[in-house]
Amino acid sequence: MRLGIPPGGCAAKTVQPPAGTQETIIHLLIDCPQHDAIREDLQQELQMSLCRDSASIILGDDSTRDALKKFCVKVATKAIGRNKASNQDS
Ligand SMILES: [Zn+2]
């Protein structure tokens with residue numbers, strides 16, 4: 021999966037991630053402060069923290085997979101929208 025993320029790195033404005041943080045898929049899904057709110061909603065729904073270790077467990081469980089897929093689509097949609105907007109600015 022490729023989102024066409026520009027080389028500028030994380031675009032978070034309210035909470036600054038460590039300098040040089042790249043907007044990789046893992047960063048967007050697990051670490052990016054821009055998605056804290058919808059990540060928290062997912063974690064509440066699953067009653068489980070989303071991290072590198074739990075992602076495979078969540079994906080492997082029929083009862084939690086769909087919620088993670090919906091979260092991934094929301095994150096990807098937001099990231100693509102940001103990239104489109106930033107490409108139009110330049
Ligand atoms: Zn970020």
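In my numbering, the protein residues as written are 21 to 110. Even glycine gets a Cβ: it sits at the ideal position worked out from N, Cα and C. Please read these numbers as outputs of a predicted model, since none were measured by experiment.
| Gln54 and Ala31: beta carbons closer than 9 angstroms? | Pairing Gln54 with Ala31 gives a Cβ-Cβ distance under 9 angstroms.
| task | Go ahead and pull the three-state DSSP assignment for Gly28. | result | Because the pLDDT at Gly28 is just 49, under 50, the model does not fix this residue reliably, and the point stays unresolved.
| Burial state of Pro26 (16 or more Cβ within 10 Å) | Only weak support exists for where Pro26 lies, its pLDDT of 44 falling under 50; the coordinates are left without a value.
| query | According to the neighbour-count rule (16 or more other Cβ atoms, all chains shown, within 10 Å of its Cβ), is Lys104 buried or exposed? | reply | Exposed, because fewer than 16 other Cβ atoms sit within 10 Å of the Cβ of Lys104.
| message | Taking 8 angstroms as the cut-off, is the C-beta of Glu43 nearer than that to any heavy atom in ligand 1? | response | Inclusion of Glu43 in the 8 angstroms shell around ligand 1 follows from its C-beta lying nearer than that to a non-hydrogen atom of the ligand.
| query | Less than 9 angstroms separating the beta-carbons of Thr41 and Leu66? | reply | Leu66 sits away from Thr41, with the two beta carbons spaced by 9 angstroms or more.
| message | Measuring straight from C-alpha to C-alpha, what distance separates Lys94 and Arg59? | response | Approximately 10 angstroms, taken between the alpha carbons.
| Around the C-beta of Asp86, are 16 or more other C-beta atoms found within 10 angstroms, so that it is buried, or is it exposed? | Under the 10 Å beta carbon count, Asp86 is surrounded by fewer than 16 other beta carbons and is classified as exposed.
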